[in-house]
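Residue numbering for the sequence shown is 399 to 630, as defined by the working numbering.
Positions of the beta carbon are idealized from the N, C-alpha and C atoms, including for glycine.
Inspection log for the structure reproduced underneath, given as structure tokens.
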Amino acid sequence: MKRKRLTQIFPFLLPIRVWQRKLFYNIGMKFDKNTYSNKFGDLLKYEICNTKTSMINKNSGQDIIYQKNKVDNLKIASKTMNHILIYPGEIFSFCYLIKNAKKYGKYKDGLILIDGKIVAKKGGGLCHLSNMLHYLFLISPLTVIERQGIDSTISSGWLDLKVKNETNNIYQIDIYFDEEYMYGKILSNKKSDVAYVISNENLRYVRQNNKIYEIVDIVRAEIDKKTNMQIK
């Protein structure tokens, strides 16, 4: 039998545990000798990659208000990192930036997954933003150094989305919205002659603790834009 966590036995302890994890996580980042991106600027000249994602899921089976709240939450969270500059050697941290979200508004109740159950919680839906950014990072020269699974589920204090700029160029995040979509771009101060293509390979299923998990390898190919030939 799988042991229950203390917070599952005593749910009232969960807010204290969350606060503790966030505190320790933030303290750890202060002393890990890394430089985290925190400077913003005008839009850089060259577009490296772009994507868009539909924000409203009308078939969630839940009250549509939670989807609308998610859109509001995404717009608040995006303001904490929009147009941020990622200089050579710096690390972009999703959780490091969204802790400043209170400056831009109050989160509403959105849907999140806790212990296998979908529940409403303040700030729910932010994984929609981290997933979009994760995809952009995969098709950019930036190096993903922390994330969860194929997508990028985040949980402040437990899971983060981090990328490191191991190049000599400056990169920047650009996020904007219309009524239906959230758009994202990675910009740079220098033009790139390389494009990145992502594919899933070696799909398999593993049974563990009476559950079946899907496992897949993410393969990134580099394509020369001039010749449209694969470099590696």
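Check	Outcome
Below 8 Å on the Cβ atoms is my guess for Asp-509 versus Gly-522; work out the distance and round it to an integer in Å.	The sequence shown places Leu at residue 509, rather than the Asp named in the question. Indeed they touch by this definition, with Cβ atoms about 5 Å apart.
Have a look at Gly-459 and Cys-525 and give me their C-alpha separation to the nearest angstrom.	19 Å
Taking the continuous beta strand (DSSP E) assigned at Ala-593, which residues delimit it?	592-606
Determine the extent of the alpha helix (DSSP H) in which Asp-470 is found, giving its start and end residues.	462-477
Check whether the segment 581-589 touches the segment 431-444, taking contact to mean three or more Cβ pairs, one atom from each stretch, closer than 8 Å.	yes
When you compare the segment 447-455 with the segment 490-501, are there three or more beta-carbon pairs, one atom per stretch, that lie closer than 8 Å?	no
How far does the beta strand (DSSP E) with Ser-586 in it reach, from first residue to last?	579-586
Run through the segment 476-541 for me and flag every whole beta strand (DSSP E) of 3 or more residues, listed as ranges in chain order.	482-484, 489-491, 507-512, 515-520
Whose C-beta lies closer than 7 Å to the C-beta of Arg-638 among residues of the same chain, with five residues either side of it excluded?	No statement about residue 638 is possible, as the shown extent of the chain runs from 399 to 630 and does not include it.
Can you list, in chain order, the residues of its chain whose CB lies under 6 Å from that of Val-542, leaving out five sequence neighbours each side?	Phe-535, Val-561
Drop a sphere of 10 angstroms on the beta-carbon of Ile-489, count the other beta-carbons inside from all chains shown, and report buried for 16 or more, exposed for fewer.	buried
Phe-492 to Asn-529, Cα distance in whole Å?	11 Å
According to DSSP, is Lys-437 helix, strand or coil?	strand
Counting C-beta neighbours from all protein chains within 10 Å, is the total for Ser-550 16 or more, i.e. buried, or is it exposed?	Here the model assigns Ser-550 a pLDDT of 45, short of 50, so the residue's position is not dependable, and the following value carries that caveat. It counts as buried.
From Asn-436 to Pro-539, what does the alpha carbon distance come to, in whole angstroms?	19 Å
Quick test of the definition: if touching needs 3 or more C-beta pairs under 8 Å, does the segment 614-625 touch the segment 589-599?	yes
Kindly give me the distance between the Cβ atoms of Ile-474 and Tyr-505, rounded to whole angstroms, as I take these residues to be in contact under 8 Å.	6 Å
Which residues in the same chain have their Cβ closer than 6 Å to the Cβ of Tyr-611, if we skip the five residues on either side of it in sequence?	Val-604
So, using beta-carbon positions, are Gly-439 and Asn-563 closer together than 9 Å?	no
Can you tell me the Cα-Cα spacing of Asp-572 and Ile-482, whole angstroms?	8 Å
In three-state terms, what does DSSP make of Lys-428?	helix
Any idea what DSSP makes of Ile-571, helix, strand or coil?	strand
I believe Tyr-581 touches Phe-575 by the beta-carbon criterion, under 8 Å. Please report the beta-carbon distance rounded to the nearest angstrom.	7 Å
If we ignore side chains and look at the alpha-carbon of each, how far apart do Asp-380 and Glu-599 end up?	This structure cannot speak to residue 380, because the chain is shown only from 399 to 630.
Can a CB atom of chain D be found closer than 9 Å to the CB of Asn-498?	Judged by its chain identifiers, the structure shown contains no chain D, having just a single protein chain.
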